[in-house]
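**Q** Every letter in the sequence shown is one number past the one before it in our numbering, and letter 348, counting from 1, is 361. The beta-carbon is built from N, C-alpha and C at its ideal position, and this holds for glycine as well. As the structure is a prediction and not an experimental result, all values here were calculated from the model. One structure follows; several queries about it will come next.
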Amino acid sequence: MRSNSSRGRTSHTPHRHIPHRRTATVALAGVAALIAAAVQSGAATAAPATPRAGQAGPAHAAVGLTPAQRAELIRHADAGTAAAARQIGLGAREKLVVKDVVKDADGTLHTRYERTYGGLPVLGGDLVVTTARSGKTMDVIRATGATLKVAGLTPAVSKAAAEKQAVQRAKALGGTDSAADSVRKVIWAASGKPVLAYETVVGGLQDDGTPNQLHVVTDAATGKKLFEYQGVRNGIGNTQYSGQVTLTTTQSGSAYTLTDGARGGHKTYNLNRGTSGTGTLFSQTSDTWGNGTTSNAATAGADAHYGAAETWDFYKSTFGRNGIKNNGVGAYSRVHYGNAYVNAFWDDSCFCMTYGDGSGNAKPLTAIDVAGHEMSHGVTSNTANLNYSGESGGLNEATSDIFGTGVEFFANNASDPGDYLIGEKIDINGDGTPLRYMDKPSKDGASKDSWYSGIGGVDVHYSSGPANHFFYLLSEGSGAKVINGVSYNSPTSDGLPVTGIGRDKALQIWYRALTTKWTSTTNYAGARTGTLAAAGELYGTTSAEYKAVQDAWAGVGVGSRSGGGGGGGTSYESTTPVPVPDNGAAVTSDITVSGRSGNAPANLQVSVDITHTWRGDLVIDLVGPSGTAYRLKNFSSSDSADDVNETYTVNASAESANGTWKLRVQDQATYDTGTLNGWKLTFP
Numbered sequence: 014m015r016s017n018s019s020r021g022r023t024s025h026t027p028h029r030h031i032p033h034r035r036t037a038t039v040a041l042a043g044v045a046a047l048i049a050a051a052v053q054s055g056a057a058t059a060a061p062a063t064p065r066a067g068q069a070g071p072a073h074a075a076v077g078l079t080p081a082q083r084a085e086l087i088r089h090a091d092a093g094t095a096a097a098a099r100q101i102g103l104g105a106r107e108k109l110v111v112k113d114v115v116k117d118a119d120g121t122l123h124t125r126y127e128r129t130y131g132g133l134p135v136l137g138g139d140l141v142v143t144t145a146r147s148g149k150t151m152d153v154i155r156a157t158g159a160t161l162k163v164a165g166l167t168p169a170v171s172k173a174a175a176e177k178q179a180v181q182r183a184k185a186l187g188g189t190d191s192a193a194d195s196v197r198k199v200i201w202a203a204s205g206k207p208v209l210a211y212e213t214v215v216g217g218l219q220d221d222g223t224p225n226q227l228h229v230v231t232d233a234a235t236g237k238k239l240f241e242y243q244g245v246r247n248g249i250g251n252t253q254y255s256g257q258v259t260l261t262t263t264q265s266g267s268a269y270t271l272t273d274g275a276r277g278g279h280k281t282y283n284l285n286r287g288t289s290g291t292g293t294l295f296s297q298t299s300d301t302w303g304n305g306t307t308s309n310a311a312t313a314g315a316d317a318h319y320g321a322a323e324t325w326d327f328y329k330s331t332f333g334r335n336g337i338k339n340n341g342v343g344a345y346s347r348v349h350y351g352n353a354y355v356n357a358f359w360d361d362s363c364f365c366m367t368y369g370d371g372s373g374n375a376k377p378l379t380a381i382d383v384a385g386h387e388m389s390h391g392v393t394s395n396t397a398n399l400n401y402s403g404e405s406g407g408l409n410e411a412t413s414d415i416f417g418t419g420v421e422f423f424a425n426n427a428s429d430p431g432d433y434l435i436g437e438k439i440d441i442n443g444d445g446t447p448l449r450y451m452d453k454p455s456k457d458g459a460s461k462d463s464w465y466s467g468i469g470g471v472d473v474h475y476s477s478g479p480a481n482h483f484f485y486l487l488s489e490g491s492g493a494k495v496i497n498g499v500s501y502n503s504p505t506s507d508g509l510p511v512t513g514i515g516r517d518k519a520l521q522i523w524y525r526a527l528t529t530k531w532t533s534t535t536n537y538a539g540a541r542t543g544t545l546a547a548a549g550e551l552y553g554t555t556s557a558e559y560k561a562v563q564d565a566w567a568g569v570g571v572g573s574r575s576g577g578g579g580g581g582g583t584s585y586e587s588t589t590p591v592p593v594p595d596n597g598a599a600v601t602s603d604i605t606v607s608g609r610s611g612n613a614p615a616n617l618q619v620s621v622d623i624t625h626t627w628r629g630d631l632v633i634d635l636v637g638p639s640g641t642a643y644r645l646k647n648f649s650s651s652d653s654a655d656d657v658n659e660t661y662t663v664n665a666s667a668e669s670a671n672g673t674w675k676l677r678v679q680d681q682a683t684y685d686t687g688t689l690n691g692w693k694l695t696f697p
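Okay, here's the thing in structure tokens:
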């Protein structure tokens, strides 16, 4: 976690060794009032029955799996990868590699795969396949819709040239190493047409002392840099920030260690100003750790150990997740990294959390929300694995802020009550202000309140703003309010109010989207589609929760309101993804409208969300109940931009309002494919 996104935590208080800690409870906010607008069904996986108002439908809730049950599901999926690849239409040179499996109560499976091509890993080739209990494929969500095909697997650019480029780039960013840690051939498919490429990883340290894991992707035919991202994600006893708390430790003979046998064997180490290895496991003859100040090295250890336990318990209690990888295995924590290091970070390569001691070694970055933020990077890495750059990078950071906030509320610690402020305890700014504000992100001077077309070029710690803002609006609603003694006043981009549904429901929606709907390349439009699908499955597509998701996204500039863009009218929406084949037959998606009188309006609004790597190939029509087609978009060989996220106005006054409306999409040129993520009809 970078200093502009890290959160500090505290020291540890004296306590006795207790084998099992209490389960914290979460204070829940009230359920939103119904929003007076009808929304037609269209979730990605329709529930067999409509959930009760305000309650999650149990059929689509993910079941908590033991590590052994999860391992068995993965083994079963591994045995069926060849059949799965054929069923979803992959080419002969493509193979699937199972990454994770989520099982719903009704037997639905969401299997997350990585992909290889000719034996090479495909970056941006990940996908999620949803299958019914019967084994029927219900949905495929792909990181890229492009056809996976490259001219050859022999590079024109040398491996040495790719390494040189990456090392030079790392040095320009403050890196210290003169050679790369690794260079491998890959297929780059995360943007545009898939190409043969090199992925180079440069290690060493960054200029502020943070470990370096710069990944640079280079086109193997031209030598052009295609992409880069940083692989290190910046983000009791008597604790410094949480007061006196209970820790789970392990006794061996006459000594106690900071080893949590109740949570996957999580260990907390003292680096003692070092920057590599694990240092020394905290061990002492007394089971009272730290004194609440930095004069005792175990204080930071207590805070880190407590934060790790709270994070584990939050994921277990809230989502049924057994540890960061959901395999029952604990990570480990390292404190006292470097000298006056003003940061904390999660590192996938060691599966560990690391904390610096802050400016003057006086403010260790071991606060609860920092711990939750950083370890949540590990959860993201082991689920959607959102690319740490562009819009997906902003969503990655926001996910850690969102779950870090969830951990803080879950801990329910009187010394550090839950709030929607990020890093308020660690005082990185030196003036008592937090790193970030979820109710109005721009208050930090750099984060963005709402989405705009260029937000992908902003640092991920600031492009996270719209997603953080969305989560606050969805949880608490807009306007002025006081929560746990903190005053908030959240605006909306369209000036219209949003009614919150409570933080617990907002967390469930975000987590389900992360684990079953999103891929490495998901952008803000895709995040909206995924959270709507999640809300539809959990609460129903006509629920207040579903409409609140629409309104909260509209409040940060992503998509339209549940009642239409202007706040009035009625919307009917489908969020069922439909693959668009390359240069193939037209595909359609249906929305059935009923209960209206007369004809459709002359200003019918048609909102279209399509992911595609060359949108000029697409021809899009609205087909009315009479069968008459209304052209929305023509073919254009010169329109090479990605995706279609547009709202079209159609004079449909000759059509009956009631009936089945279709969106028809056809790709009319070769090399690019895509997905119709969803579409909406709005009757003003």
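Over the uninterrupted beta strand (DSSP E) stretch that includes L631, give me the two end residues.
**A** Within the sequence shown, the letter at position 618 stands for residue 631. Note, L631: beta strand (DSSP E), L631 to V636.
**Q** Pick helix, strand or coil for I87, following the three-state DSSP scheme.
**A** The residue labelled residue 87 in the question sits at position 74 within the sequence shown. Correct three-state label for I87: helix.
**Q** With 16 other CB atoms within 10 Å as the buried threshold, where does Q264 fall?
**A** Here the question's residue 264 lines up with position 251 in the sequence shown. With fewer than 16 other Cβ atoms within 10 Å, it is exposed.
**Q** Does DSSP put Q257 in a helix, a strand or coil?
**A** On the sequence shown, residue 257 is found 244 positions in, with the first residue counted as 1. Looking at Q257 - three-state DSSP - the assignment turns out to be strand.
**Q** Beta strand (DSSP E) containing T213: first to last residue?
**A** On the sequence shown, residue 213 is found 200 positions in, with the first residue counted as 1. Unbroken beta strand (DSSP E) run through T213: V208 to V215.
**Q** Considering just the uninterrupted stretch of the beta strand (DSSP E) at R286, what are its terminal residues?
**A** Position 273 of the sequence shown holds residue 286. Element bounds for R286: n/a, residue is neither H nor E.
**Q** Going straight from the alpha carbon of N690 to that of A598, what length do you get?
**A** Walking along the sequence shown from the start, residue 690 turns up at place 677. Walking along the sequence shown from the start, residue 598 turns up at place 585. Near 18 Å, if we compare the C-alpha coordinates of A598 and N690.
**Q** What does the alpha-carbon distance come out to for the pair T660 and V593?
**A** What you label residue 660 is simply residue 647 of the sequence shown in a count that begins at 1. What you label residue 593 is simply residue 580 of the sequence shown in a count that begins at 1. Cα to Cα, the separation comes out at about 19 Å.
**Q** With the cut-off set at 8 Å, would you say L136 and A202 are in Cβ contact?
**A** As a working note, residue 136 is residue 123 in the sequence shown. As a working note, residue 202 is residue 189 in the sequence shown. Cβ distance < 8 Å, so L136 and A202 count as in contact.
**Q** Classify P479 as buried or exposed, calling it buried when 16 or more other Cβ atoms lie within 10 Å of its own Cβ.
**A** Translated into positions along the sequence shown, residue 479 becomes position 466. Looking at its Cβ environment, which holds 16 or more other Cβ atoms inside 10 Å, P479 is buried.
**Q** Note down the Cα distance separating V44 from S575, rounded to an integer number of angstroms.
**A** Locating residue 44 in the sequence shown gives position 31, where the first residue counts as 1. Locating residue 575 in the sequence shown gives position 562, where the first residue counts as 1. Bear in mind that a pLDDT of 19 at V44, under 50, signals an unreliable position, so the number given afterwards is only what the model happens to contain. Roughly 17 Å separates the two Cα atoms.
**Q** Along the chain, where does the alpha helix (DSSP H) that runs through P479 open and close?
**A** Along the sequence shown, read from residue 1 onward, the residue named residue 479 stands at position 466. Where P479 is concerned, the enclosing alpha helix (DSSP H) stretches over G478 to E489.
**Q** Based on the DSSP secondary-structure assignment, which residues constitute the bridge partners of D429?
**A** By one-based count along the sequence shown, residue 429 stands at place 416. D429 pairs with N426.
**Q** Could you check which residue in S204, A424 and D472 has the C-alpha nearest to that of T411?
**A** The residue you call residue 411 lines up with position 398 of the sequence shown. As written in the sequence, residue 411 is Ala, which differs from the Thr given in the question. Checking every option, the nearest Cα to that of A411 belongs to D472.
**Q** What do you reckon, are the CB atoms on H386 and S346 nearer than 8 Å?
**A** Along the sequence shown, read from residue 1 onward, the residue named residue 386 stands at position 373. Along the sequence shown, read from residue 1 onward, the residue named residue 346 stands at position 333. Their beta carbons are not under 8 Å apart, which means H386 does not touch S346 by this criterion.
**Q** Where does the unbroken beta strand (DSSP E) through H349 begin, and where does it stop?
**A** Taking the sequence shown and counting its residues from 1, the one referred to as residue 349 is at position 336. Run containing H349: Y345 to Y350, per the beta strand (DSSP E) assignment.
**Q** Which of the three DSSP states, helix, strand or coil, is assigned to P504?
**A** By one-based count along the sequence shown, residue 504 stands at place 491. P504 falls in the coil class under three-state DSSP.
**Q** Looking only at C-alpha atoms, which of G292, R197, S362 and A526 sits nearest to D232?
**A** Here the question's residue 232 lines up with position 219 in the sequence shown. When only C-alpha atoms are compared, the closest one is R197.
**Q** Give me whichever residues DSSP pairs with N410 in a beta bridge.
**A** The residue you call residue 410 lines up with position 397 of the sequence shown. Going by the sequence as given, residue 410 is Glu instead of Asn. According to DSSP, which records beta bridges pairwise, E410 is partnered with nothing at all.
**Q** Name the two residues that bound the continuous beta strand (DSSP E) containing M451.
**A** Along the sequence shown, read from residue 1 onward, the residue named residue 451 stands at position 438. Segment: none, M451 is in no beta strand (DSSP E) and carries neither H nor E.
**Q** Is S620 closer than 8 Å to W699 when the C-beta atoms are compared?
**A** No information on residue 699 is available, as it lies outside the stretch 14 to 697 that the chain covers here.
**Q** Less than 8 Å between the C-beta atoms of D595 and Y465, yes or no?
**A** Numbered from 1 along the sequence shown, position 582 holds the residue referred to as residue 595. Numbered from 1 along the sequence shown, position 452 holds the residue referred to as residue 465. Not in contact: D595 and Y465 (Cβ atoms no closer than 8 Å).
**Q** Are there 16 or more other CB atoms within 10 angstroms of the CB of I154, so buried, or fewer, so exposed?
**A** Residue numbering aside, residue 154 sits at position 141 when the sequence shown is read from its first letter. Classification for I154: buried.
**Q** Helix or strand or just coil, what does DSSP make of A357?
**A** Position 344 of the sequence shown, counted from the start, is the residue given in the question as residue 357. Three-state result, A357: strand.
**Q** Spell out a yes or no on whether the region 329–347 and the region 69–80 are touching, meaning 3 or more CB-CB pairs, one atom from each, closer than 8 Å.
**A** Short answer: they touch.
**Q** Could you say which of K530, Q563, D564 and W674 lies nearest to T601 if we only look at CA atoms?
**A** Sequence index remark: in the sequence shown, residue 601 carries index 588 (1-based). Of the candidates K530, Q563, D564 and W674, the one whose C-alpha sits nearest the C-alpha of T601 is W674.
**Q** Which value, in whole angstroms, describes the spacing of the CA atoms of T160 and V632?
**A** Counting from 1 along the sequence shown, the entry for residue 160 is found at position 147. Counting from 1 along the sequence shown, the entry for residue 632 is found at position 619. Looking at the two C-alpha atoms, the distance is approximately 19 Å.
**Q** First and last residue of the beta strand (DSSP E) that includes T306?
**A** Against the sequence shown, residue 306 aligns to sequence position 293. First-last for T306: undefined, no H or E at that position.
**Q** Determine the direct distance from the alpha carbon of D564 to that of H89, and round the result to whole angstroms.
**A** Against the sequence shown, residue 89 aligns to sequence position 76. Against the sequence shown, residue 564 aligns to sequence position 551. When rounded, the distance between both Cα atoms is 40 Å.
**Q** If you follow the beta strand (DSSP E) that R197 is in, where does it begin and where does it stop?
**A** In the sequence shown, residue 197 corresponds to position 184, counting from 1. Note, R197: beta strand (DSSP E), S195 to W201.
**Q** Counting along the chain, where does the alpha helix (DSSP H) carrying A548 start and finish?
**A** Residue 548 sits at position 535 when you count from the first residue of the sequence shown. Residues Y537 to Y552.
**Q** Can you say whether S289 is buried or exposed, counting buried as having 16 or more other CB atoms within 10 angstroms of its CB?
**A** For the purposes of this step, residue 289 is taken as the residue at position 276 of the sequence shown. The residue is exposed, with fewer than 16 neighbouring Cβ atoms inside 10 Å.
**Q** Could you give the residue range of the alpha helix (DSSP H) that holds Y559?
**A** As a first step, residue 559 is located in the sequence shown; it is residue number 546 there, counting from the start. A557 to A567 is the extent of the alpha helix (DSSP H) around Y559.
**Q** Along the chain, which unbroken stretches of the alpha helix (DSSP H) at least 4 residues long are found entirely within the region 106–184?
**A** Fully enclosed alpha helix (DSSP H) runs of 4 or longer: not present.
**Q** Counting C-beta neighbours from all protein chains within 10 Å, is the total for G508 16 or more, i.e. buried, or is it exposed?
**A** Position 495 of the sequence shown, counted from the first residue, corresponds to residue 508. Its Cβ having fewer than 16 others within 10 Å, G508 is exposed.
**Q** Can you check the region 361–423 for any alpha helix (DSSP H) of at least 4 residues that lies completely inside it and give the ranges in chain order?
**A** Taking only runs of at least 4 residues, the alpha helix (DSSP H) segments lying wholly in the region 361–423 are 381–394.
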